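A short write-up of the structure that comes next.
Protein chains: 2
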Amino acid sequence: MKEGPDIAQIGALIGDPARANMLAALTGGRALTATELAAAGGITLQTASTHLSKLETGGLLTQRKQGRHRYFTLADEAVARLIESMMGFAASRGHLRHQPGPKDPALRKARICYDHLAGDFGVRMLDSLVASGSIDAIGDGLAVTAKGESDLQCIGIDVGSLKSSRRPLCRSCLDWSERRAHLAGSLGKALLSNFMEKGWARRMPESRSVVFSPEGERQFLKLFPLEN
Amino acid sequence: MKEGPDIAQIGALIGDPARANMLAALTGGRALTATELAAAGGITLQTASTHLSKLETGGLLTQRKQGRHRYFTLADEAVARLIESMMGFAASRGHLRHQPGPKDPALRKARICYDHLAGDFGVRMLDSLVASGSIDAIGDGLAVTAKGESDLQCIGIDVGSLKSSRRPLCRSCLDWSERRAHLAGSLGKALLSNFMEKGWARRMPESRSVVFSPEGERQFLKLFPLEN
DNA sequence: AGAATGCTTCGGTTACGATCGAAGTATGAA
DNA sequence: TTCATACTTCGATCGTAACCGAAGCATTCT
């Protein structure tokens, strides 16, 4: 009858539209203030405040006060994964919010998923890394090969130092737009920051989309070719 | 602002305690009638009926009428994965339902997870298969080796025929009690049914727990040893 | 045929929670 | 100090949905 952990609590937590919108906004990875989240949820500040405290006591959010602002973030990567997996599920059921805004194509092309690259470009990058033998893939599992380690070193990424972190190096993440895997984990994060440092890509404010400069896109496509 | 798929709908669907309990009951894998589910949810039949129709239109359940009964099942494996992953998340946050009933230890030891073996025994089985070189594991990805294929043949499982199914052969599934991976996919299912055919194990009515006979447990432990 | 079982639909009650206005606290700026 | 911003808490309203009793179908049993 009543077995196991209590799903209903977190379900209800995510089940409110305003809260769901706020969580989705935070999937962008950057910390947001209460007022920004209120806007994202489409509600007043007071209401947002109560929602945020609920989400925090529910363990989904952490807050960090800085000056007179209160910055909220997803509690950890597990939360981000849960939200993203629910998005994938919702998308597969056709629970889509039809709003073919101008941002939509940009989001499908390249967007941020917590701290790594998702969308068309994210999928292409992982496919290319696997095809070139830099990453071994068995099902959902990923591992960097010796070749990959040296290739990545050339781009400017030290895999060795990433390995020492407690966080898994590679992890495949299924996103809702492509429904195919892209690269998450500390390596996924490192690659994206690498692109941004080089000026190839930058994040758009108020959105999860990532735009590449013309030159950046050229370099990216050259670096991660698709054979077929 | 409003990007991507609508999480809130399925969140709300799962967010109701009665519905959550019914879904959890269905994670057991067997099809249940409306009255059984009403009992599982702790509500009357009428209320259960409306809940069930909501879950069905939401795409979480499928019903199959047979005679004067209506059997409900989780719509597909993706739903089962979602529920189980939410259970894992809830457990990690301490959202546990404290009810130290007598069944609890049995559930941790061996229970069913949709259609395969989970709990202590499920984890042990996968660990042993990996250690013996029957299964290759990279991160979350699993693949049967040639050695594994012949070993499994000896037990009475034809991997070749399983491969032809559309469903993935191996998949790792993280369960809430152990927080470690166990074997899902068509192979996971085949192994469990193999044990049950041999009389090693059987399912308890009204519960997700799987109990091994003394002899069955002896055989199981011998077949899947742990070295350390 | 009639009776029993399994389930759905209808109607009305009730309770909870989402919402906002208004007032209260904390931090920073003038 | 005073004023402004960022946020929380209080209080009250309101809507929705969960719930059950009762009645309505459908299927099977006798």
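Protein sequence lines correspond, in order, to chains A and B. Each residue of the first sequence is one higher than the one before, starting from 1 at the first, in this note's numbering. Each residue of the second sequence is one higher than the one before, starting from 1001 at the first, in this note's numbering. Cβ atoms here follow ideal geometry from the backbone N, Cα and C, with glycine treated the same way. These numbers come from a predicted model, not from an experiment.
Query raised in the report: A/GLY188: which of A/ALA143, A/LEU226, A/SER85, A/GLY199 sits nearest, CA to CA?
Result: Cα-wise, what sits closest to A/GLY188 is A/ALA143.
Query raised in the report: Is A/PHE212 helix, strand or coil by DSSP?
Result: DSSP places A/PHE212 in the strand class (E or B) of the three-state scheme.
Requested in this report: Could you tell me the distance, in whole angstroms, from the CA atom of A/PHE212 to the CA atom of A/MET125?
Outcome: In this structure, the alpha-carbon of A/PHE212 lies about 14 angstroms from that of A/MET125.
Query raised in the report: How would you label B/GLY1141, buried or exposed, when you count the other beta carbons within 10 angstroms and need 16 or more for buried?
Result: Classification for B/GLY1141: buried.
Report task. Output the distance between the C-alpha atoms of A/GLY119 and A/GLY133, rounded to the nearest integer angstrom. Result -> One Cα belongs to A/GLY119, the other to A/GLY133, and the distance between them is close to 22 angstroms.
Query - Spatial neighbours of A/GLY230 in its chain, beta-carbon cut-off 6 angstroms, leaving aside the 5 residues before and after - result: This structure cannot settle anything about residue 230 of chain A, because the visible part of chain A is limited to 1 through 228.
Query raised in the report: Looking at the C-beta of A/LEU203, does it have a partner C-beta in chain B at a distance below 8 angstroms?
Result: According to the sequence shown, residue 203 of chain A is Arg rather than Leu. A/ARG203 does not count as touching chain B.
Report task. In angstroms with no decimal places, state the Cα-to-Cα distance between A/LYS198 and A/PHE220. Result -> Looking at the two C-alpha atoms, the distance is approximately 11 angstroms.
Query - Close beta carbons around B/SER1193, own chain, < 8 angstroms, minus the five adjacent residues each side - result: Closer than 8 angstroms at the Cβ level, and outside the excluded window around B/SER1193, lies no residue.
**Report entry** Against chain B: residues of the region 65 to 99 of chain A by CB proximity under 9 angstroms
**Finding:** For the region 65 to 99 of chain A, which is checked against every Cβ of chain B, the residues closer than 9 angstroms are ALA75, ALA78, VAL79, ARG81, LEU82, ILE83, SER85, MET86, MET87, GLY88, PHE89, ALA90, ALA91, SER92, ARG93, GLY94, HIS95, LEU96, ARG97, GLN99.
Query raised in the report: Run through DSSP, which three-state label would B/THR1047 get?
Result: The three-state secondary structure of B/THR1047, taken from DSSP, is helix.
Query raised in the report: Is it true that the CB of A/GLY58 sits closer than 8 angstroms to the CB of A/LEU13?
Result: Yes, the pair counts as a contact, with Cβ atoms nearer than the cut-off.
Report task. Please determine, among A/SER92, A/MET22, A/PHE89, the residue with the shortest C-alpha to C-alpha distance to A/LEU60. Result -> Considering only alpha carbons, the answer is A/MET22.
Query raised in the report: For A/GLY88, which residues from the same chain have a beta carbon less than 6 angstroms from its beta carbon, with the 5 sequence-adjacent residues on both sides left out?
Result: Excluding residues within five positions, the ones whose Cβ falls inside 6 angstroms are LEU174, TRP176.
Query raised in the report: Of all Cβ atoms in chain A, is any one closer than 8 angstroms to the Cβ of B/GLN1009?
Result: By this cut-off, B/GLN1009 is an interface position.
Query raised in the report: Any Cβ of chain A within less than 8 angstroms of the Cβ of B/PRO1214?
Result: Answer no: the Cβ-Cβ gap between B/PRO1214 and chain A never drops below 8 angstroms.
Query raised in the report: For B/ALA1181, does the count of other Cβ atoms within 10 angstroms reach 16, so buried, or fall short, so exposed?
Result: Looking at its Cβ environment, which holds 16 or more other Cβ atoms inside 10 Å, B/ALA1181 is buried.
Report task. Could you please tell me which residues of the region 1137 to 1150 of chain B, in chain order, have their CB closer than 7 angstroms to any CB of chain A? Result -> Taking 7 angstroms as the Cβ-Cβ cut-off against chain A, the residues of the region 1137 to 1150 of chain B that qualify are ALA1137, ILE1138, GLY1139, ASP1140, GLY1141, LEU1142, ALA1143.
Query raised in the report: Comparing the C-beta of B/GLY1119 with each C-beta of chain A, is any distance below 8 angstroms?
Result: Nearest CB-CB separation between B/GLY1119 and chain A: not below the 8 angstroms threshold.
Requested in this report: Using the DSSP secondary-structure output, state which residues sit across from B/SER1172 in a beta bridge.
Outcome: Answer is B/LEU1183.
Query - Buried or exposed by the 16-neighbour rule on C-beta atoms within 10 Å, applied to A/ILE83 - result: Its Cβ being crowded by 16 or more others within 10 Å, A/ILE83 is buried.
Query raised in the report: Quick one: does A/ASP16 have its CB under 8 angstroms from some CB of chain B?
Result: Answer yes: the Cβ-Cβ gap between A/ASP16 and chain B drops below 8 angstroms somewhere.
Query raised in the report: Since A/SER49 contacts A/ALA25 with CB under 8 angstroms, what's their CB separation in whole angstroms?
Result: A/ALA25 and A/SER49 do not touch by the CB rule: their CB atoms are close to 16 angstroms apart, not below 8 angstroms.
**Report entry** Interface flag, A/CYS170 vs chain B, CB-CB below 8 angstroms
**Finding:** Yes, its Cβ sits closer than 8 angstroms to a Cβ of chain B.
Requested in this report: Quick one: measure Cβ to Cβ for B/TYR1071 and B/LEU1032, integer angstroms, because I've assumed they're closer than 8 angstroms.
Outcome: The beta-carbon separation of B/TYR1071 and B/LEU1032, rounded to 7 angstroms, stays under the 8 angstroms limit for a contact.
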